[in-house]
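Notes for the one structure printed next.
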Amino acid sequence: MQPIITIFTTPKPFKDAHIRTIQTNAIRSWALLKPAVEVVLIGEEEGVAEAADQAGVLYLPEVKRNQQGTPLISSLFSTGASVNTSPLLAYVNADILLFDDFLSCAQEILSQSQKFLIVGQRWDLNLTSLIDFSEGWQRRIKQQTQQEGWLHTRGGSDYFIYPRVCFQKIPDFAVGRAGWDNWMFYEARRQGWKTIDATPSIQIVHQNHDYSHLPGGQTHYRLPETTENVRLAGGRRTIFTLMDVDYEFRDGIVKKYPLSLKKLLREIEIFPLVRLNSMGLGHLFFAVFHPKQAVRELKKWAAARRKK
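Okay, here's the thing in structure tokens:
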């Protein structure tokens with residue numbers, strides 16, 4: 503059977519016991535979606551090959567990296583697209599649990615649209631042990647999530663589903679650092695693809711963890727590679743979030759996202775970026791909507807220029 507979706511990711515090293523547990527949980531949940539879904543683990547980090555073998559999924563060790571040794575998003579997306587001809591591709595963070603609705607909703611959206619990006623909020627849940635994947639596991643985890651978990655804020659997305667005709671060219675972003683996921687929203691809107699919030703229909707569960715795997719234990723927002731990601735994306739105006747979608751998938755239908763006053767003002771603000779492809783006007787509109795922040799950014803830019 504030709505897979506409908508190819509899910510690809512690059513897991514963290516399986517050295518830390520908790521990271522090993524939650525990544526094992528996530529990958530096993532994906533593998534249970536086969537054969538309609540093909541799962542690909544990419545990279546030579548410790549334990550990845552063994553995890554792929556145990557879950558019965560594809561393992562590809564080769565991935566291009568930056569000078570710090572961090573895998574590049576461009577290489578991951580290229581590798582993920584190369585393994586088969588599935589109509590849909592999906593990058594998913596390696597700590598995310600997926601359920602049957604991930605596949606069924608993506609199929610339905612594909613039947614209604616041609617070029618799009620599917621994104622959504624996650625549910626956060628503290629899990630410290632391996633999941634019992636016997637019959638009924640999805641119902642049990644969803645029930646536990648409703649009782650103990652919480653819906654994450656409308657920032658970025660932990661998954662990106664798109665047709666293979668989209669995102670064929672991607673800058674050399676560092677994975678696991680901020681900025682690149684925001685660019686995905688921006689690029690989809692700029693290209694005129696439907697940017698679809700599937701939160702009402704696709705439930706994903708993020709298994710909470712700390713940041714001990716990152717340099718100095720810092721969050722990814724504070725790392726130099728994040729600054730480089732933002733530069734590659736085109737600057738701070740490309741930091742789009744789930745607030746910038748223009749469609750949603752609800753009750754089996756792709757429909758325009760509800761237009762509140764806040765949403766209307768944001769659409770006016772980003773109009774030069776997504777409709778006119780003008781970064782200059784984008785800066786101007788940002789300054790009109792956020793004058794104090796624009797002044798702070800200008801002062802920071804001027805100070806950096808003086809140091810050169």
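Under this note's numbering, the first residue of the sequence shown is numbered 503, with each subsequent residue one higher.
We put the CB at the ideal spot given by N, CA and C, even for glycine.
* Asked: Skipping 5 residues on each side, what residues in its chain have a beta carbon closer than 7 Å to that of T728?
  -> For T728, where only same-chain residues beyond five positions count, the Cβ hits under 7 Å are R679, A680, G681 and H722.
* **Whole runs of the alpha helix (DSSP H) within the segment 585 to 625, excluding any shorter than 4 residues** => 602 to 614
* Asked: Just curious, the beta strand (DSSP E) that Q705 is in, first and last residue?
  -> Where Q705 is concerned, there is no enclosing beta strand (DSSP E), given that its DSSP letter is neither H nor E.
* DSSP beta-bridge partners for Q569? -> DSSP lists no partner for Q569.
* Residues near V707 by beta carbon distance below 6 Å, same chain, minus five either side -> L599, W625, L627 and T647
* Please report the residue range of the beta strand (DSSP E) in which R752 lies. => Y749 to R752
* Where does A680 fall in DSSP's three states? -> Of the three classes helix, strand and coil, the one that applies to A680 here is coil, per DSSP.
* **Cβ distance (whole Å) where Q645 is taken to contact N527 below 8 Å** => With 8 Å as the limit, Q645 and N527 do not qualify as a contact, their Cβ atoms being about 16 Å apart.
* To do: With DSSP as the reference, label K757 as helix, strand or coil.
  => strand
* L716 in three-state terms, based on DSSP -> The predicted model places L716 with a pLDDT of 48, which falls under 50 and marks its position as unreliable; any figure quoted below should be read in that light. If DSSP states are grouped into helix, strand and coil, L716 belongs with coil.
* To do: Within the same chain, show all residues whose beta-carbon is closer than 7 Å to that of I575, passing over the 5 residues directly before and after it, in chain order.
  => I672, F675, V677 and W682
* To do: Tell me whether K765 counts as near the ligand NAP, meaning its Cβ is closer than 7 Å to at least one heavy atom of that ligand.
  => The model on display carries no ligand, and the ligand NAP is accordingly not part of it.
* **Close Cβ partners of G545 (< 6 Å) along its chain, the five nearest in sequence each way excluded** => T512, V565 and P573
* Can you name the start and end residues of the beta strand (DSSP E) that F662 belongs to? -> Y661 to P665
* Determine, using beta carbons only, whether Q614 and V756 come nearer to each other than 8 Å. => yes
* In this structure, does DSSP put L562 in helix, strand or coil? -> strand
* **Q670 versus W803 - alpha carbon distance** => Those two C-alpha atoms are separated by around 32 Å.
* Where L761 and A553 are concerned, what is the direct C-alpha to C-alpha distance, given to the nearest angstrom? -> 44 Å
* Asked: For the alpha helix (DSSP H) that E540 lies in, which residues bound it at each end?
  -> According to the DSSP assignment, E540 belongs to no alpha helix (DSSP H) but to the beta strand (DSSP E) extending over V539 to I544.
* Of the residues S588, A805 and D746, the one placed nearest L605, counting alpha carbons only -> With distances taken between Cα atoms, L605 lies closest to S588.
* To do: Label I770 either buried or exposed according to how many other C-beta atoms from any shown protein chain fall within 10 Å of its C-beta, with 16 as the threshold for buried.
  => exposed
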